[in-house]
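One structure is given here, and the rest of the page talks about it.
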Amino acid sequence: MLKYFKQLSLNRGGWLLLLISTIALESTALYFQHGMGLAPCVMCIYERVALLGITFSALIGLLYPRSLILRVLALLVGLGSAVKGLLLAIKHVDYQLHPAPWNQCSYMAEFPQTLPLDRWLPYIFNPTGSCADITWSFLGFSMAQWIIVIFSFYSLLLAVLLISQFKRLEQTRNIFR
Numbered sequence: 005m006l007k008y009f010k011q012l013s014l015n016r017g018g019w020l021l022l023l024i025s026t027i028a029l030e031s032t033a034l035y036f037q038h039g040m041g042l043a044p045c046v047m048c049i050y051e052r053v054a055l056l057g058i059t060f061s062a063l064i065g066l067l068y069p070r071s072l073i074l075r076v077l078a079l080l081v082g083l084g085s086a087v088k089g090l091l092l093a094i095k096h097v098d099y100q101l102h103p104a105p106w107n108q109c110s111y112m113a114e115f116p117q118t119l120p121l122d123r124w125l126p127y128i129f130n131p132t133g134s135c136a137d138i139t140w141s142f143l144g145f146s147m148a149q150w151i152i153v154i155f156s157f158y159s160l161l162l163a164v165l166l167i168s169q170f171k172r173l174e175q176t177r178n179i180f181r
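When you read off a place in the sequence shown, starting at 1, and then add 4, the result is the number in our numbering.
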């Protein structure tokens, strides 16, 4: 199994699939916001940024997947973003399931002054909703719960891909004999 995942990470096709999946999810989020009129909360915006981190990692992996340094860098950036997104989504679900005056998210995004995404691209990163509101559900699960599933999948996939980098391939061993 690890051999398959290492082979997948050595080709641009796997990285392209990762890139397409994250772009599709970001596009879906923008459709929910602007097409369906659902107001994103601060946690939704932070989850978008985490997904953009995975998108960035896919772009790094696409550059030159045969380079061990770039491949491992891409996997570390992607795994870090996926785990951060998972933790954000879990906290988001906590806000939804246990609303209380002391368990609320901020109404304003708190980006660093050097990277004020909400001012640079308000169309994408300006929060206007409340974290406790459940405005959409599918199969009985809220959007935040589905985001937990998505980030769990990305975390597992990127962790397995990172672990697979320590697997030696058969053709590599034959070259050095």
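Just so you know, even glycine gets a beta-carbon here, dropped at the ideal spot from N, CA and C.
- N- and C-terminal bounds of the alpha helix (DSSP H) containing residue 147: One-based indexing of the sequence shown puts residue 147 at position 143. Start and end: 147-168.
- How is the alpha helix (DSSP H) around residue 24 delimited, first residue to last? As a position in the sequence shown, residue 24 is number 20, starting the count at 1. First-last of the alpha helix (DSSP H) with residue 24: 16-34.
- Report all residues from its chain with a CB closer than 8 Å to the CB of residue 74; omit the five preceding and five following residues, and keep chain order. One-based indexing of the sequence shown puts residue 74 at position 70. Once the five neighbours on either side are set aside, the close Cβ partners of residue 74 are 64, 65, 67, 68.
- Query: Using the rule of at least 16 other Cβ atoms within 10 Å of the residue's Cβ for burial, across every protein chain shown, is residue 37 buried or exposed?
  - Reply: Position 33 of the sequence shown, counted from the start, is the residue given in the question as residue 37. Buried, because 16 or more other Cβ atoms sit within 10 Å of the Cβ of residue 37.
- Query: Going by the beta-carbon positions, is the gap between residue 118 and residue 42 smaller than 8 Å?
  - Reply: For this step, residue 118 is matched to residue 114 along the sequence shown. For this step, residue 42 is matched to residue 38 along the sequence shown. Cβ atoms of residue 118 and residue 42: not closer than 8 Å.
- Message: Within a Cβ cutoff of 7 Å, which residues of the same chain sit near residue 171, ignoring the five residues on either side of it in sequence?
- Response: The residue labelled residue 171 in the question sits at position 167 within the sequence shown. The answer, listed in chain order, is 6, 7, 10.
- Within 10 angstroms of its Cβ, does residue 19 collect 16 or more other Cβ (buried), or is it exposed? The count along the sequence shown starts at 1 and reaches residue 19 at position 15. It counts as buried.
- Message: Helix, strand or coil for residue 115? Go by DSSP, reduced to three states.
- Response: Walking along the sequence shown from the start, residue 115 turns up at place 111. Correct three-state label for residue 115: coil.
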